[in-house]
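What follows is one structure encoded as structure tokens, with my remarks underneath.
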Amino acid sequence: MVDLTKRYDVLVVGGGNAALCAAISARRDGASVLVLEAAPKFYRGGNTRHTRNMRCAHDAATDTLSGPYYEDEFYDDLLRVTGGTTNEELARLMIHESKEMLTWIAEQGVRFQPSLGGTLSLGRTNSFYLGGGRAMLNALYKTAEDLGVAIAYDAEVLALNVENGMFISARLKQDDGFVDVRAGALVAAAGGFEANIDWLEESWGPAARNFLIRGTPYNRGTVLKMLLGAGVEEIGDPTQCHAVAIDARAPKFDGGIITRLDCVVFGIVVNKNCERFYDEGEDVWPKRYAIWGRLVAAQPDQIGYIIFDAPSLDLFMPSLFPPIKANSIGELAEKLELDRAALERTVSDFNAAVVPGTFDHTVLDDCHTEGLTPQKSHWARRIENAPFYAYPVRPGITFTYLGVRVNRESRMMMADGSPSANMFAAGEIMAGNVLTKGYAAGIGMTIGSVFGRIAGREAAANARN
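Numbering (my numbering), first residue to last: 1301 to 1765.
What follows is the structure in structure tokens.
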């Protein structure tokens, strides 16, 4: 039984990768640490439960990575997905520190598998966890517990007592009453507000009601709202998020990685009016897959359909749900409840515009369209070989980018420009400092791990002083 009446050096609010990295880092620096996880133990870990990999800079191939991924290349990739709007100081700090994370994370018991090739194209840049996110998470929890970190589950923070930028205590519901947990420093690692549909609707309007939430239903943004209400400086756009196109048949919450679809580049994507609305072959999939959630969100009724034919069926990782299959485009349209003539016309126009080349999904090949708007820049092949397939897709929100501003120490900054006295943040709750928009595969885990380690270290030092 965790003693909630004890005053800890460091209080970590959250239970995912960022929280555990902070807790372990603080504990290894000699601090007493309490972790408050709002979810029950079975659902602990937030979105970390559904992750697969982490993007880290490294100067040479390793046992689990097929080649080097230098800091400048990482930074260029980040600039490409954010449109150049990242905080350069914090982004370069994160990338530089990420070079140590592969070793540090392994020292905490996490294991990686050999590099992956195939359609993901991440074997050189991203390290994949052996056993996936839950195995990674279990390793971090075991290490934290072995080090003496106290962990409380079903421990939702209901209020924060913050005075002039100094954290005093956090209030929890306990049995029939409340308990105030005190600590010398706070690390907020409680995620974004993606599971709070009402909050999403404030920025997105009624369209938000059609969004699916890929991860935990517990990331409701309550801690974020409390911190902003206590005078912490806000950063980020509430409409910006990591959003991908996922199978429209996925559950409302917690569908995870198995509902994601990686087949956009192999076909075309149409809306309910059977109209294409974006270049499906703009860039390699890990750099562009995260734009498709927002693209679909802008379509009528927030629904889209990925259309492809038989030669593409075995080229990508399938969804949990089987594709819808038909012997003709017209039959496929009827099964999707789309206008038959309109879908046939869109596919026919696309096929007529395809300029054949040498198809290679691992590089920016020369298969493209001409005279078509929008064009398909790469991997364009005629959709003409039966059977034909389709996946219905909706926006799948992973995490939101609105958060709290931090400095190099991962210390929260107050709205008046001063640093907080003893409050730090890591993970999705501060991701907007680096991710203003867009996403590159695995970078969420990088942000959580790097800034979690920094926040824990700095919180421990702050508590000692």
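Think of the CB as a built atom: it goes at the ideal place given N, C-alpha and C, for glycine as much as any other residue.
Considering only C-alpha positions, which residue in the set Y1453, N1426, R1482 is nearest to F1467? As a working mapping, residue 1467 is identified with position 167 in the sequence shown. With distances taken between Cα atoms, F1467 lies closest to R1482.
I1513 - DSSP class collapsed to helix/strand/coil: Position 213 of the sequence shown, counting from 1, holds the residue named residue 1513. I1513: strand per DSSP, three-state reduction.
Pairs of beta-carbons, one from the stretch 1418-1434 and one from the stretch 1452-1460, closer than 8 Å: are there three or more? no
Can you tell me the Cα-Cα spacing of A1452 and M1526, whole angstroms? By one-based count along the sequence shown, residue 1452 stands at place 152. By one-based count along the sequence shown, residue 1526 stands at place 226. C-alpha separation (whole angstroms): 20 Å.
Given a cut-off of 8 Å, decide if N1347 and T1516 are closer than it, judged by their beta-carbon atoms. Along the sequence shown, read from residue 1 onward, the residue named residue 1516 stands at position 216. Along the sequence shown, read from residue 1 onward, the residue named residue 1347 stands at position 47. Yes, they are a contact pair.
Look at the Cβ atom of A1740, then the Cβ atom of D1377, and state whether they are nearer than 8 Å. As a working note, residue 1740 is residue 440 in the sequence shown. As a working note, residue 1377 is residue 77 in the sequence shown. Yes, Cβ-Cβ distance for A1740 and D1377 is below 8 Å.
Taking 8 Å as the cut-off, decide whether the C-beta atoms of L1636 and A1690 are in contact. On the sequence shown, position 336 is the one that residue 1636 refers to. On the sequence shown, position 390 is the one that residue 1690 refers to. Taking 8 Å as the cut-off, the beta carbon of L1636 is found closer than this to the beta carbon of A1690.
Can you pull the DSSP bridge partners for V1310? In the sequence shown, the residue the question calls residue 1310 occupies position 10. Bridge partners of V1310: V1333, A1485.
Let me check you understand the geometry: is the CB of H1668 closer than 7 Å to at least one non-hydrogen atom of the ligand NAD? Of the ligands one can find in the structure shown there are none, so the ligand NAD has no counterpart to examine.
Would you please state the rounded distance, in angstroms, between the beta carbons of R1708 and E1389? I believe it to be under 8 Å. As a position in the sequence shown, residue 1708 is number 408, starting the count at 1. As a position in the sequence shown, residue 1389 is number 89, starting the count at 1. Confirmed, about 7 Å.
DSSP-derived helix/strand/coil call for E1533: The residue labelled residue 1533 in the question sits at position 233 within the sequence shown. If DSSP states are grouped into helix, strand and coil, E1533 belongs with coil.
For the alpha helix (DSSP H) holding D1376, just list the boundary residues, first then last. As a position in the sequence shown, residue 1376 is number 76, starting the count at 1. Its alpha helix (DSSP H) spans residues 1371-1382.
Among E1575, G1604, Y1701, which one has its Cα closest to the Cα of A1548? The residue given as residue 1548 occupies position 248 in the sequence shown. When only C-alpha atoms are compared, the closest one is G1604.
Tell me which residue opens and which closes the alpha helix (DSSP H) that E1501 is part of. Locating residue 1501 in the sequence shown gives position 201, where the first residue counts as 1. 1497-1504 is the extent of the alpha helix (DSSP H) around E1501.
Do you know offhand how far S1612's Cα is from P1622's? By 1-based counting over the sequence shown, the position of residue 1612 is 312. By 1-based counting over the sequence shown, the position of residue 1622 is 322. Linking S1612 to P1622 through their CA atoms gives a straight-line distance of about 14 Å.
L1460 by DSSP, collapsed to three states: which one? In the sequence shown, residue 1460 corresponds to position 160, counting from 1. Note: L1460 maps to strand in three-state DSSP.
For L1304, collect the residues of the same chain with a Cβ closer than 6 Å to its Cβ; drop the 5 residues on either side in sequence, then sort them by chain order. Within the sequence shown, numbered from 1, the residue matching residue 1304 stands at position 4. The residues are V1479, V1481.
When we look at the beta-carbon of T1403 and count the other beta-carbons within 10 Å, is it buried (16 or more) or exposed? If you number the sequence shown from 1, residue 1403 lands on position 103. Exposed is the call here.
Whole-number beta carbon distance between A1439 and A1755, since they are thought to touch under 8 Å: Here residue 1755 corresponds to residue number 455 of the sequence shown, with the count starting at 1. Here residue 1439 corresponds to residue number 139 of the sequence shown, with the count starting at 1. A1755 to A1439, Cβ: 20 Å. No contact.
For A1338, which residues in the same chain have their Cβ closer than 6 Å to its Cβ, ignoring the five residues on either side in sequence? In the sequence shown, counting from the first residue as 1, residue 1338 sits at position 38. These residues qualify, in order along the chain: E1456, Y1518.
Please state the DSSP three-state secondary structure of T1419. Residue 1419 sits at position 119 when you count from the first residue of the sequence shown. Residue confidence for T1419 is low, a pLDDT of 49 falling below 50, so the modelled location carries little weight; the figure read from the coordinates is stated next. T1419 falls in the helix class under three-state DSSP.
Measure the CB-CB distance between T1385 and K1737 and report whether it falls below 8 Å. Indexing the sequence shown from 1 puts residue 1385 at position 85. Indexing the sequence shown from 1 puts residue 1737 at position 437. For T1385 and K1737, yes; Cβs fall inside 8 Å.
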